[in-house]
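A.B. asks: Please find one structure pasted underneath; my questions will follow.
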Amino acid sequence: MRGDRLIFADIGFAVAAGGMLTLTGRNGAGKSTLMRMIAGLARPFAGEVRWRGEPIAADPDAFRAELLYAGHKDGMKPALTAAENLALAARLKGGGAADPQEALARFGIEGLADLPVGYMSAGQRRRVALSRLLIEPAALWLLDEPVTALDRDAVAALGGVMADHLSAGGLIVAATHTPLPGVEGEQFEITPPENIDDWYAEAED
1 MRGDRLIFAD
11 IGFAVAAGGM
21 LTLTGRNGAG
31 KSTLMRMIAG
41 LARPFAGEVR
51 WRGEPIAADP
61 DAFRAELLYA
71 GHKDGMKPAL
81 TAAENLALAA
91 RLKGGGAADP
101 QEALARFGIE
111 GLADLPVGYM
121 SAGQRRRVAL
131 SRLLIEPAAL
141 WLLDEPVTAL
151 DRDAVAALGG
161 VMADHLSAGG
171 LIVAATHTPL
181 PGVEGEQFEI
191 TPPENIDDWY
201 AEAED
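101 is the number that UniProt numbering gives to position 101 of the sequence shown; each next residue is one higher, with no gaps.
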């Protein structure tokens with residue numbers, strides 16, 4: 001639900017270890033809303049999200065410890081350098097699998113490590129934000145429009161990072177219309193619910 005408006009209904013899917021699910025749908029279909037529900041940042045009107053067979057509401061802290069949610073906004077602190085932003089992210093998550101310089105190098109921006117993020121272009125900021133994928137250990141990656149503002153080289157770098165995560169048994173749910181090189185998975189299209197009036201009538205019974 002968005003306010004009093006039904007966005008989607010009767011949605012169900014599962015993702016296994018090493019698997020990726022790509023959410024597609026027109027603008028306003030509810031992709032970002034669904035991503036926030038999966039992340040536990042919004043509650044569904046009905047139904048539940050499960051992780052390792054249990055509702056995420058049963059132990060939200062344990063779920064968040066295994067989750068990395070990268071929204072369509074970069075979430076970087078503009079006054080901090082790229083390296084400082086990643087070091088902060090690593091501390092908040094309790095450690096990291098790579099140091100900031102190595103993570104930035106995967107996205108081709110190791111030379112920007114000491115530059116405040118506020119001075120960077122949108123594409124550079126996005127690369128810094130995506131470098132978190134290598135800093136914050138998490139089994140489940142939720143990526144909302146991850147290729148926004150990225151050029152071809154950055155998209156290829158992201159595809160490689162995602163492929164490595166899947167090969168290691170990680171899971172990815174991504175909302176994007178852009179194919180990522182080297183990454184394959186299932187697709188789930190979000191479409192407007194049919195017979196909305198009937199759905200409301202059943203919900204009120």
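Note that CB positions come from ideal geometry on N, CA and C, so glycine has one too.
Since the structure is predicted, the reported quantities are computational estimates derived from the model, not experimental observations.
Among Gly170, Val147, Ala168, Gly169, whose alpha-carbon lies nearest the alpha-carbon of Gly159?
C.D. replies: Comparing Cα positions, the closest option is Val147.
A.B. asks: With DSSP as the reference, label Ala9 as helix, strand or coil.
C.D. replies: Looking at Ala9 - three-state DSSP - the assignment turns out to be coil, as it is neither helix nor strand.
A.B. asks: So Leu150 packs on Gly123, CB below 8 Å; how close in whole Å?
C.D. replies: 6 Å between Cβ atoms; contact.
A.B. asks: Measure from the alpha carbon of Pro179 to the alpha carbon of each residue in Ala89, Glu136, Ile190, Leu23, then state which is nearest.
C.D. replies: The shortest C-alpha separation from Pro179 is found at Leu23.
A.B. asks: Does the distance from the C-beta atom of Ala29 to that of Ile172 stay below 7 Å?
C.D. replies: Going by C-beta atoms, Ala29 is not nearer than 7 Å to Ile172.
A.B. asks: Can the beta-carbon of Leu21 be found closer than 7 Å to that of Gly185?
C.D. replies: It is a contact, given that the beta carbons lie within the stated cut-off.
A.B. asks: Mind reading off the beta-carbon distance from Gln101 to Ala113? Whole number of angstroms is fine, and I expect it under 8 Å.
C.D. replies: With a Cβ gap of about 6 Å, Gln101 and Ala113 count as contacting.
A.B. asks: Using alpha carbons as the reference points, say which of Thr81, Gly19, Ala14, Ala58 lies closest to Leu166.
C.D. replies: Here the closest residue by C-alpha is Gly19.
A.B. asks: Smallest Cα separation from Met76: which of Pro116, Val161, Phe188, Ala154?
C.D. replies: That would be Pro116, whose Cα lies nearest to the Cα of Met76.
A.B. asks: Find out if the Cβ-Cβ distance for the pair Arg50, Ala42 is shorter than 7 Å.
C.D. replies: No. Outside cutoff.
A.B. asks: Could you check which residue in Leu92, Leu86, Lys93 has the C-alpha nearest to that of Glu110?
C.D. replies: That would be Leu86, whose Cα lies nearest to the Cα of Glu110.
A.B. asks: Taking DSSP as the reference, what is the three-state secondary structure of Ala201?
C.D. replies: Caution applies to Ala201, whose pLDDT of 49 falls short of 50 and renders its modelled position unreliable; the value that the coordinates give is listed next. Helix.
A.B. asks: Alpha carbon to alpha carbon, what distance is there between Ile135 and Arg152?
C.D. replies: Cα-Cα distance, rounded: 23 Å.
A.B. asks: In the structure shown, what three-state DSSP assignment does Glu186 receive?
C.D. replies: Glu186 falls in the strand class under three-state DSSP.
A.B. asks: Residues in the same chain with beta-carbon distance under 6 Å from Leu143, minus the five sequence neighbours each way, listed in chain order, please.
C.D. replies: Ala70, Ala174.
A.B. asks: Quick check: the Cα distance between Gly118 and Gln187, rounded to an integer number of angstroms?
C.D. replies: About 35 Å.
A.B. asks: Find the nearest neighbour of Asp74 within the set Arg126, Ala57, Arg91, Phe107, judged by alpha-carbon distance.
C.D. replies: Here the closest residue by C-alpha is Arg126.
A.B. asks: As a quick exercise: from Ala156, Ala154, Glu54, pick the residue whose alpha carbon is nearest that of Ala14.
C.D. replies: Looking at the Cα atoms, Glu54 is the closest of the given residues.
A.B. asks: Return yes when the Cβ of Ala139 is within less than 7 Å of the Cβ of Gly170, no when it is not.
C.D. replies: Result yes, Cβ atoms of Gly170 and Ala139 sit closer than 7 Å.
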